[in-house]
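Single-structure report; data block below.
Residue numbers (the numbering used here): 1085 to 1386.
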């Protein structure tokens, strides 16, 4: 695999009303020529920046996927003629069907220690809706550290308990699709929904610092959103210089190693699916000693 450029860039355009120099950041992403750009838009600030962002990024003709929070007025973005796929980020703690724009095909819910108890309700509402895809991304460690100071990962026992409750729901997911990024959540759900969570789960070996790069709302570049080690800032340096840095190459070599916590060598192929960033936060994991220390994301830059 060619790791000289990231094939996929995830950009958190705004966070709690804050953005960086979006035109400059978009230009740097365009010059990196990724095949896929995933935008995350949280509020009105990000939505107002979208026209300029879209114009700049489309110069390299990537596939663009926008995850948009369901705030008032957000649905208007679908009427602007953008050539991109939309995923609607919903709150696990309340109903979402009446809030979705007409024709919505995909929703996203992050399952963390606070929202885990509501997961069966989300799954049940999804089953009864016209929405075709339910995305279950990993906890965003960069955002979590900036917001609450820690990464709120669900405890393994609680994760299994929620999956077992979901498996007993009188629902059918035939014709729908679960896009599950967390390996352990996938393992719990594949028995309950083998067609949707088994054959169709979308995750692969860790691509942090190789095919994947994450850019936060201030232009800071990380190997991925689960590995909050700042490599540089696109408001100060080019994507090319950041991606060629010794820090990025060191992380690349680290994440390519099979986690020691996975056990015997005959289990190694499956262990490649484990998120290396989040595995570092599992208590007692020997992998924590192998991965560079987590750094709290830089804040305050405008």
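No residue lacks a Cβ here, since even glycine has one placed at the ideal position from N, Cα and C.
Identity of the residues DSSP links to residue i by a beta bridge
i: residue 1192; result: 1173, 1219
i: residue 1298; result: 1094, 1306
i: residue 1292; result: 1296
i: residue 1311; result: 1308
i: residue 1316; result: 1305
CB contact flag (residue i, residue j, <7 Å)
i: residue 1210; j: residue 1246; result: no
i: residue 1310; j: residue 1225; result: yes
i: residue 1301; j: residue 1096; result: yes
i: residue 1121; j: residue 1146; result: yes
i: residue 1295; j: residue 1308; result: no
i: residue 1265; j: residue 1244; result: no
i: residue 1326; j: residue 1305; result: yes
i: residue 1223; j: residue 1205; result: no
i: residue 1152; j: residue 1125; result: yes
i: residue 1113; j: residue 1093; result: yes
i: residue 1208; j: residue 1255; result: yes
i: residue 1217; j: residue 1181; result: no
i: residue 1106; j: residue 1133; result: yes
i: residue 1200; j: residue 1236; result: no
i: residue 1129; j: residue 1104; result: no
i: residue 1219; j: residue 1258; result: no
i: residue 1164; j: residue 1140; result: no
i: residue 1332; j: residue 1315; result: yes
Range covered by the beta strand (DSSP E) that runs through residue i
i: residue 1122; result: 1120-1125
i: residue 1393; result: Because the chain in this structure spans residues 1085 to 1386, residue 1393 falls outside the shown range and cannot be described.
Where residue i falls: helix, strand or coil (DSSP)
i: residue 1183; result: helix
i: residue 1323; result: helix
i: residue 1087; result: coil
i: residue 1328; result: coil
i: residue 1108; result: helix
i: residue 1164; result: coil
i: residue 1130; result: helix
i: residue 1158; result: helix
i: residue 1116; result: helix
i: residue 1136; result: helix
The alpha helix (DSSP H) enclosing residue i, as first and last residue numbers
i: residue 1099; result: Per DSSP, residue 1099 belongs to no alpha helix (DSSP H) and is neither H nor E.
i: residue 1143; result: Unbroken run through residue 1143: none, as it is neither H nor E.
Test: residue i CB closer than 7 Å to a CB of chain B
i: residue 1152; result: Looking at the structure shown, chain B is missing, and only one protein chain is on hand.
The ligand ATP heavy atom lying under 6 Å from the CB of residue i
i: residue 1170; result: For the ligand ATP, the structure offers nothing, since it holds no ligand at all.
Practice task
Report the residue ranges of all beta strand (DSSP E) runs contained in full by the region 1195-1275; include only those spanning at least 3 residues, in chain order.
Solution key: Counting whole runs of 3 or more residues, the region 1195-1275 contains the beta strand (DSSP E) stretches 1217-1220, 1261-1264.
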